[in-house]
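First up is the structure itself, then whatever we jot down about it.
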Amino acid sequence: MEYPKFAFGFQREGSAFVSCELNSRTRQMFDDRLLTISEVAPRAFSSFVFSKAKELAAKFERNGTTKGSTVKTGRDIICRARDLGAVKAYYGAELGMPIVLDTDSMVGFDTGELRLYYERGEGGLPVFEFFVDDVGAAKSRLIAAGCEIVEENPAVPRVYLRDRFGLLFNITEG
22 MEYPKFAFGF
32 QREGSAFVSC
42 ELNSRTRQMF
52 DDRLLTISEV
62 APRAFSSFVF
72 SKAKELAAKF
82 ERNGTTKGST
92 VKTGRDIICR
102 ARDLGAVKAY
112 YGAELGMPIV
122 LDTDSMVGFD
132 TGELRLYYER
142 GEGGLPVFEF
152 FVDDVGAAKS
162 RLIAAGCEIV
172 EENPAVPRVY
182 LRDRFGLLFN
192 ITEG
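Quick note: to get this note's numbering, add 21 to the position in the sequence shown (first position is 1).
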């Protein structure tokens, strides 16, 4: 199957992404050839997700949600899939993303700005990761602010939460 080729990428304008000509660095990365959507989309998605994670962390700090503890974004996005072999084949082989972690339960890829991880499990929305000084204290404050616990495992120092606006994220110490 022949995929359409693109001589443009995406850049952020306010809260939207618009097409733009590829900058010289990006053109050099791809030897001045046209790009397929599978090469353009992951970079646009990574940039978009990273910017949204930074906005959310800034909002928490601005609104005093952390009260003495800061929330810092990581560069990790976590998704779930039943077949990690298929995930590895797609992101690693098809899209050419370098593998940074490969275990029986998780595989991770370097996408540039972000690291994309898939852990074995039922599929779902991507999960942002936020670092806090104290998971227990942050969890209590976030629940009081309207978040609900989605998943918690005492053996792993993290808590998956959904905020009152529907964003799924986890907090971990760091």
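In this text, a Cβ means the ideal position worked out from N, Cα and C, and glycines have one as well. Only a predicted model underlies this, so the values are computations on that prediction, with no experimental measurement involved.
**CA-to-CA distance, N174 to G142, given in whole angstroms** = The residue given as residue 142 occupies position 121 in the sequence shown. The residue given as residue 174 occupies position 153 in the sequence shown. Spanning the two alpha carbons is a distance of roughly 15 angstroms.
**For G113, three-class secondary structure by DSSP** = The sequence position of residue 113 within the sequence shown is 92, counting from 1. Residue state, collapsed to three classes: helix.
**Asked** For V177, does the count of other Cβ atoms within 10 angstroms reach 16, so buried, or fall short, so exposed?
**Response** One-based indexing of the sequence shown puts residue 177 at position 156. Exposed.
**Asked** Taking the alpha helix (DSSP H) that R96 falls in, what are its first and last residues?
**Response** For the purposes of this step, residue 96 is identified with residue 75 of the sequence shown, where counting begins at 1. Membership of R96 in any alpha helix (DSSP H) is not indicated; the residue belongs instead to the beta strand (DSSP E) covering K93 to A102.
**Prompt:** Hey, L163 and L189 are a contact pair by Cβ (cut 8 angstroms); roughly how many whole angstroms apart?
**Reply:** Here residue 163 corresponds to residue number 142 of the sequence shown, with the count starting at 1. Here residue 189 corresponds to residue number 168 of the sequence shown, with the count starting at 1. With 8 angstroms as the limit, L163 and L189 do not qualify as a contact, their Cβ atoms being about 13 angstroms apart.
**Prompt:** Should V128 be labelled buried (16 or more other beta-carbon atoms within 10 Å of its own) or exposed?
**Reply:** Taking the sequence shown and counting its residues from 1, one reaches residue 128 at position 107. By the neighbour-count rule (16 or more Cβ atoms within 10 Å), V128 is buried.
**Prompt:** When you compare each of G167, D155 and N191 to T91 by their alpha carbons, which one comes out closest?
**Reply:** Numbered from 1 along the sequence shown, position 70 holds the residue referred to as residue 91. Ranked by Cα distance from T91, the first of G167, D155 and N191 is D155.
**Message:** Relative to the C-alpha of P119, which candidate in I170, D125, D104 and R136 has its C-alpha closest?
**Reply:** Against the sequence shown, residue 119 aligns to sequence position 98. Looking at I170, D125, D104 and R136, the one whose alpha-carbon comes closest to that of P119 is R136.
**Prompt:** To the nearest angstrom, how far is it from the Cα of G145 to the Cα of I99?
**Reply:** Residue mapping note: residue 145 aligns to position 124 of the sequence shown, counting from 1. Residue mapping note: residue 99 aligns to position 78 of the sequence shown, counting from 1. The C-alpha of G145 lies about 10 angstroms from the C-alpha of I99.
**Request:** Starting from the C-beta of L168, find all residues in its chain whose C-beta is less than 6 angstroms away, skip the five residues before and the five after it, and write them out in chain order.
**Result:** On the sequence shown, position 147 is the one that residue 168 refers to. A small correction: the amino acid at residue 168 is Cys; Leu does not occupy that position in the sequence shown. L182 and D184, listed in sequence order.
**Request:** Determine the direct distance from the alpha carbon of A114 to that of E23, and round the result to whole angstroms.
**Result:** If you number the sequence shown from 1, residue 23 lands on position 2. If you number the sequence shown from 1, residue 114 lands on position 93. Any reading at E23 must be qualified, since the residue scores a pLDDT of 46, below 50, and its modelled position is unreliable; the value itself is stated next. E23 and A114 have their C-alpha atoms some 18 angstroms from each other.
**Prompt:** Which residues in the same chain as V121 place their Cβ atom closer than 7 angstroms to its Cβ, once the five residues preceding and following it in sequence are excluded?
**Reply:** The residue labelled residue 121 in the question sits at position 100 within the sequence shown. Here the set comprises G129, F130, D131 and R136.
**Asked** In whole angstroms, what separates the C-alpha of I170 from that of K109?
**Response** The residue you call residue 170 lines up with position 149 of the sequence shown. The residue you call residue 109 lines up with position 88 of the sequence shown. Taking the straight line from one Cα to the other gives about 29 angstroms.
**Prompt:** Using the rule of at least 16 other Cβ atoms within 10 Å of the residue's Cβ for burial, across every protein chain shown, is R179 buried or exposed?
**Reply:** As a first step, residue 179 is located in the sequence shown; it is residue number 158 there, counting from the start. By the C-beta density criterion, R179 is buried, having at least 16 other C-beta atoms within 10 angstroms.
**Request:** Compute the Euclidean distance between the alpha carbons of F186 and A165, then round it to the nearest angstrom.
**Result:** As a position in the sequence shown, residue 186 is number 165, starting the count at 1. As a position in the sequence shown, residue 165 is number 144, starting the count at 1. Cα to Cα, the separation comes out at about 14 angstroms.
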